[in-house]
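Number of protein chains: 2
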Amino acid sequence: MENGIANLLGALSLAVMDRIEQGAREVVGRGGETPAALIVIGYGQGMTNDKLRRILGLSHSGTVRLVDRLVSDRLVERRPGKDGREVALHLTASGVASRNELLASRISAVTSLLEVLSSAERKQLATLIRALLARQDTSEMDRFTICRMCDDRVCTNCPLPTNKGQHGH
Amino acid sequence: MENGIANLLGALSLAVMDRIEQGAREVVGRGGETPAALIVIGYGQGMTNDKLRRILGLSHSGTVRLVDRLVSDRLVERRPGKDGREVALHLTASGVASRNELLASRISAVTSLLEVLSSAERKQLATLIRALLARQDTSEMDRFTICRMCDDRVCTNCPLPTNKGQHGH
DNA sequence: GTAAATATGTGCGTAGCGCACATATCTGGT
DNA sequence: ACCAGATATGTGCGCTACGCACATATTTAC
Chain A
233 MENGIANLLG ALSLAVMDRI EQGAREVVGR GGETPAALIV IGYGQGMTND
283 KLRRILGLSH SGTVRLVDRL VSDRLVERRP GKDGREVALH LTASGVASRN
333 ELLASRISAV TSLLEVLSSA ERKQLATLIR ALLARQDTSE MDRFTICRMC
383 DDRVCTNCPL PTNKGQHGH
Chain B
233 MENGIANLLG ALSLAVMDRI EQGAREVVGR GGETPAALIV IGYGQGMTND
283 KLRRILGLSH SGTVRLVDRL VSDRLVERRP GKDGREVALH LTASGVASRN
333 ELLASRISAV TSLLEVLSSA ERKQLATLIR ALLARQDTSE MDRFTICRMC
383 DDRVCTNCPL PTNKGQHGH
């Protein structure tokens, strides 16, 4: 394989993430995995502290403190979970609003880089990225991790597989 | 413009940077902008603290402390600059070695994601990314920032322009 | 009914960074 | 030659984001 393409994708990815993270920090006033946490909790699948920890790739205590910050910012509430041990994380009204701003800011940041391409070029690029993602060997948890900033309002059919390995049943 | 492509590129960029940053942390034992600093200093254009600050997008003091860390790790040396105010940053032998490991780790991380594409698909993708980057309106400093992790051993002709705006002469 | 597993919270330390301030050198105008 | 402003670096101090080790509560399995 030729390495030029890897370097180009690395540079583009850095530029994309710089812009996304800058926008996210402006919207929620926090960095690190905090913006992603807000988005993930907003997916609303009865998120718990421990699931969040795995998706974000943080330590347990780091996740607890992250949720502490979101709670002190009045963006998230801790409610009793089904299981008596679990905590069910829910967005407040203000949390939902911040999350929507966050998603809009992210799409806008990436779009500003993409708009120099023609409509046909963007279609080509979309097809290639979709293929690239679809052929990765990702577990369900990997998928949540990669998609932890994704906009569920525009990403209807995610190309990522959820069945890593797929050896037998 | 359709937003699906922006979301896809955002997700891919996140996956790419996750892998690059994880590898970088394993190689140099440090996170944040420290790996990028090591690469930038290695370009060897008589790097100073202040130029580095602008490229990395950090505060002045943050940059001084970052260099302190690199010096205490024996990867960088502070030498007197041409101008009596400036400090000339130079990699030590061990710094050069770490930088090479860092670059190799980055290329390897991105390549592992790309190798599911056919050779023809990779060529298409390279062409599209090259076009996307070439048409951005970037200043020379923007270029250094975007390329702060780039592998100068494989990136021969960078597509990024260096003449932002280009109003008048 | 007790041991192991699961889920959360806490004390404590560290890395990475910014703000405000201090210091040293260079530049330009008189 | 001199002095004000610009330029470049270093420092005191605090904060955010995070991990490790430990403590606690609940559930599951034998």
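For the protein sequence lines, the chains are A and B, in the order given. All residue numbers for the first sequence refer to this note's numbering, where the first residue is 233 and numbers rise by one. All residue numbers for the second sequence refer to this note's numbering, where the first residue is 233 and numbers rise by one. Think of the CB as a built atom: it goes at the ideal place given N, C-alpha and C, for glycine as much as any other residue.
Counterpart residues of residue i in DSSP-defined beta bridges
{"i": "Glu309(B)", "result": "His322(B)"}
Residue from the options with nearest C-alpha to residue i
{"i": "Ala341(A)", "options": "Met249(A), Ala352(A), Ala238(A) and Asn239(A)", "result": "Met249(A)"}
{"i": "Glu333(B)", "options": "Ala247(B), Ala256(B) and Gly236(B)", "result": "Ala256(B)"}
{"i": "Ala329(B)", "options": "Ala247(B), Ala366(B), Val259(B) and Ala320(B)", "result": "Val259(B)"}
{"i": "Arg331(A)", "options": "Arg385(A), Ile237(A) and Ala352(A)", "result": "Arg385(A)"}
{"i": "Leu241(A)", "options": "Asp374(B), Arg380(B), Glu372(B) and Ile361(B)", "result": "Ile361(B)"}
{"i": "Cys387(A)", "options": "Val299(A), Ala352(A), Ala336(A) and Ala320(A)", "result": "Ala336(A)"}
{"i": "Asn235(A)", "options": "Arg375(B), Pro393(B) and Leu345(B)", "result": "Leu345(B)"}
{"i": "Asp413(B)", "options": "Leu323(B), Lys283(B) and Arg251(B)", "result": "Missing from the structure shown is residue 413(B); chain B here goes from 233 to 401 and no further."}
{"i": "Phe422(A)", "options": "Gly316(A), Gly289(A) and Arg251(A)", "result": "Given that chain A is displayed from residue 233 to residue 401, the structure contains no residue 422(A) and the question cannot be resolved."}
{"i": "Ile252(A)", "options": "Gln356(A), His292(A) and Thr343(A)", "result": "Thr343(A)"}
{"i": "Ala247(B)", "options": "Gln356(A), Ile287(A) and Thr359(A)", "result": "Ile287(A)"}
{"i": "Gly278(A)", "options": "Ile378(A), Gln356(A) and Asp315(A)", "result": "Asp315(A)"}
{"i": "Thr359(A)", "options": "Gly294(A), Pro391(A), Ile378(A) and His292(A)", "result": "Pro391(A)"}
Straight-line gap, residue i to residue j (C-alpha atoms, nearest Å)
{"i": "Asp305(A)", "j": "Glu265(B)", "result": "27 Å"}
{"i": "Ala422(A)", "j": "Asn395(A)", "result": "Within the shown structure, residues of chain A are numbered from 233 to 401, placing residue 422(A) beyond reach of any answer."}
{"i": "Ile271(B)", "j": "Thr370(B)", "result": "21 Å"}
{"i": "Pro267(B)", "j": "Gln254(B)", "result": "11 Å"}
{"i": "Asn389(B)", "j": "Glu353(A)", "result": "22 Å"}
{"i": "Ile339(A)", "j": "Pro393(A)", "result": "23 Å"}
{"i": "Arg297(A)", "j": "Ser350(A)", "result": "44 Å"}
{"i": "Glu318(A)", "j": "Glu309(A)", "result": "13 Å"}
{"i": "Met381(A)", "j": "Asn281(B)", "result": "34 Å"}
{"i": "Asp300(B)", "j": "Gly313(A)", "result": "47 Å"}
{"i": "Gly261(B)", "j": "Leu307(A)", "result": "34 Å"}
{"i": "Cys379(B)", "j": "Arg285(B)", "result": "14 Å"}
{"i": "Ser291(A)", "j": "Glu372(A)", "result": "19 Å"}
{"i": "Ser188(B)", "j": "Thr295(A)", "result": "Limits of chain B in this structure are 233 at one end and 401 at the other, which puts residue 188(B) out of reach."}
Residue i classed as buried or exposed, judged by whether at least 16 other C-beta atoms fall within 10 angstroms
{"i": "Gly245(A)", "result": "The amino acid at residue 245(A) is misidentified as Gly; the sequence shows Ser. That one is buried."}
{"i": "Gly327(B)", "result": "buried"}
{"i": "Ala366(A)", "result": "exposed"}
{"i": "Ala238(A)", "result": "buried"}
{"i": "Ala325(A)", "result": "exposed"}
{"i": "Arg311(A)", "result": "exposed"}
{"i": "Asp383(B)", "result": "buried"}
{"i": "Gly276(A)", "result": "exposed"}
{"i": "Gly263(A)", "result": "exposed"}
{"i": "Gly274(B)", "result": "buried"}
Expected contact under 8 Å - CB spacing of residue i and residue j to nearest Å
{"i": "Val348(A)", "j": "Leu364(B)", "result": "6 Å"}
{"i": "Leu323(B)", "j": "Ala269(B)", "result": "Wrong, their Cβ atoms sit about 11 Å apart, outside the cutoff."}
{"i": "Gln356(A)", "j": "Gln356(B)", "result": "7 Å"}
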